[in-house]
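Peer 1:
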Amino acid sequence: MAENSIVLGMADLTVIRATTPVKLITLGLGSCIGLVVYDPNAKIAGMAHIMLPSSRGLMGSEKVGKFADTAVPAIIEQMLKLGAVKSRIKAKIAGGAQMFSLPGMSADFLTVGAKNVSETRQRLGRLGIFIAASDTGGNKGRTIEFSTSNWMLKVKTLGKGVSEI
């Protein structure tokens, strides 16, 4: 059976009940984080394309999926509303690369990928969500596809190839 695909853009967040196989996809992860959370027993999965670590001072009409500090609790809350059980929820993360190294750029700007990874991990930890696998850091962009048919995350890294975690 072919999988239906849902493609997320930057700052998007979705949670689905996978009554039939579904593939969640997000493209162009540089310093951004692709977060996948899932409860295979309940057949519930979610994905967020997180752009920045913190919404402090920035949240207005922004999408909740844009920031790690808002995306992580929101995606877990939505999963629980659909019937996921918190103790069964697992996470996989990819992205958080350092994409640029430019003279004159502030160190803060250059470390946004590492900050995204750190904040996402901390937020998941505070909620007691186990990180089953990750593919983060480096300096190459990634695209990810999460399949509910086997609960695997396919990570396509520019110049490096494809891996499944």
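Residues in the sequence shown are numbered from 267 upward in steps of one, following this note's numbering. Heads up, the beta-carbon is just placed ideally off N, CA and C, and yes, glycines get one too.
From Gly-394 to Gly-425, what distance separates their C-alpha atoms?
Peer 2: Roughly 34 angstroms between the two C-alpha positions.
Peer 1: Cα-Cα, which of Leu-293, Asn-270, Val-281, Ser-271 is closest to Ile-355?
Peer 2: Among Leu-293, Asn-270, Val-281, Ser-271, the Cα nearest to that of Ile-355 belongs to Val-281.
Peer 1: Could you tell me the boundaries of the alpha helix (DSSP H) in which Glu-343 lies?
Peer 2: Run containing Glu-343: 334–348, per the alpha helix (DSSP H) assignment.
Peer 1: Taking its Cβ as the centre, do 16 or more other Cβ atoms sit within 10 Å of Lys-309, making it buried, or is it exposed?
Peer 2: Burial call: buried.
Peer 1: Going by the beta-carbon positions, is the gap between Pro-319 and Ala-334 smaller than 8 angstroms?
Peer 2: Yes, the pair counts as a contact, with Cβ atoms nearer than the cut-off.
Peer 1: Assign Lys-347 to one of two classes, buried (16 or more other C-beta atoms within 10 Å of its C-beta) or exposed (fewer than that).
Peer 2: With fewer than 16 Cβ atoms within 10 Å of its Cβ, Lys-347 is classed as exposed.
Peer 1: Whose C-beta lies closer than 6 angstroms to the C-beta of Gly-312 among residues of the same chain, with five residues either side of it excluded?
Peer 2: Correct list, in chain order: Val-281, Val-303, Ile-341, Met-345.
Peer 1: Starting from Thr-286 and walking both ways along the alpha helix (DSSP H), at which residues does that stretch end?
Peer 2: It is not in any alpha helix (DSSP H) - Thr-286 carries neither H nor E in the DSSP assignment.
Peer 1: Using the Cα positions of Thr-409 and Ile-316, report the straight-line distance between them to the nearest angstrom.
Peer 2: Taking the straight line from one Cα to the other gives about 13 angstroms.
Peer 1: In whole angstroms, give me the CA-to-CA distance for Gly-391 and Asn-270.
Peer 2: C-alpha separation (whole angstroms): 31 angstroms.
Peer 1: Would you kindly report the start and end of the unbroken alpha helix (DSSP H) that includes Leu-262?
Peer 2: Shown here, the chain extends from 267 to 431; a query on residue 262 therefore has no answer.
Peer 1: As a quick exercise: from Leu-279, Thr-414, Leu-274, Met-418, pick the residue whose alpha carbon is nearest that of Glu-343.
Peer 2: The candidate whose alpha carbon is nearest that of Glu-343 is Leu-279.
Peer 1: Give the range of the beta strand (DSSP E) segment to which Asp-278 is assigned.
Peer 2: Looking at the DSSP string, Asp-278 is not in any beta strand (DSSP E), and its letter there is neither H nor E.
Peer 1: How long is the line joining the alpha carbons of Trp-417 and Ala-399, rounded to whole angstroms?
Peer 2: In a straight line, the C-alpha of Trp-417 is about 12 angstroms away from that of Ala-399.
Peer 1: Could you tell me which of Glu-385, Thr-423, Thr-402 sits nearest to Ser-321, measuring between CA atoms?
Peer 2: It is Glu-385 whose Cα lies nearest to the Cα of Ser-321.
Peer 1: Arg-408 lies in the beta strand (DSSP E); which residues open and close that run?
Peer 2: Arg-408 -> beta strand (DSSP E) spans 408–413.
Peer 1: Mind checking who Ser-271 pairs with in its DSSP beta bridge?
Peer 2: Looking at the DSSP assignment, Ser-271 forms a beta bridge with Lys-289.
Peer 1: Is DSSP giving Ser-320 helix, strand or coil here?
Peer 2: Three-state result, Ser-320: coil.
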